[in-house]
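In what follows, a structure is listed as structure tokens, so that the remarks can point back to it.
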Amino acid sequence: MMNNMGKRCGVHKISTVLAVVGGINWGLVGLGQLIGGADWNIVHLVLGSMPTIESVIYVLVGISAVVLCFGCKCKKCMAAGASMGGSMPSSNM
Ligand SMILES: [Zn+2]
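Right, here's the structure in full:
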């Protein structure tokens with residue numbers, strides 16, 4: 016799955032990393048709550064002292080997920096998506 020990342024543009028790569036980070040972070044938030052109200056929100060632990068930057072990270076993660084859902088429309092990603100079918104076969108519009 017990751018072997019076609021070299022053909023993707025920087026925006027797509029950063030989006031993938033941010034979406035993964037957001038997913039893992041969200042998983043940790045849920046786990047921490049289940050285990051006993053622990054705050055395992057890494058983004059909050061690292062950037063909690065800078066609320067604005069923390070919020071910006073969340074927004075960037077959201078934008079990244081949207082980019083991955085609809086696919087980056089740049090030439091590089093269109094070429095890579097056409098040859099690989101993308102990670103989501105239904106998003107070949
Ligand atoms: Zn792209």
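The C-terminal position of the sequence shown is numbered 108 in this note's numbering, with every residue numbered one higher than the one before it.
For glycine and all other residues, C-beta sits at the position ideal for the given N, C-alpha and C.
#1: What is the DSSP secondary structure of residue 20, counted as helix, strand or coil?
#2: Quick check on the DSSP output: the alpha helix (DSSP H) that includes residue 28 runs from which residue to which?
#3: Do you know how far the Cα of residue 51 is from the Cα of residue 92?
#4: Between the region 39-48 and the region 77-97, do at least 3 Cβ pairs fall closer than 8 angstroms?
#5: Can you tell me whether residue 78 is buried or exposed? The criterion is at least 16 other CB atoms within 10 Å of its CB, across all chains shown.
#6: Just the C-alpha distance for residue 28 and residue 20, rounded to the nearest angstrom, thanks.
Quick answer:
#1: Against the sequence shown, residue 20 aligns to sequence position 5. Here residue 20 sits in helix by DSSP.
#2: Counting from 1 along the sequence shown, the entry for residue 28 is found at position 13. If you look at residue 28, you'll find it in the alpha helix (DSSP H) that goes 25-51.
#3: Locating residue 92 in the sequence shown gives position 77, counting from the first residue. Locating residue 51 in the sequence shown gives position 36, counting from the first residue. Between the C-alpha atoms of residue 92 and residue 51 there is a straight-line separation of about 43 angstroms.
#4: no
#5: What you label residue 78 is simply residue 63 of the sequence shown in a count that begins at 1. Flag for residue 78 reads exposed.
#6: Position 13 of the sequence shown, counted from the first residue, corresponds to residue 28. Position 5 of the sequence shown, counted from the first residue, corresponds to residue 20. Taking the Cα positions, residue 28 is about 7 angstroms away from residue 20.
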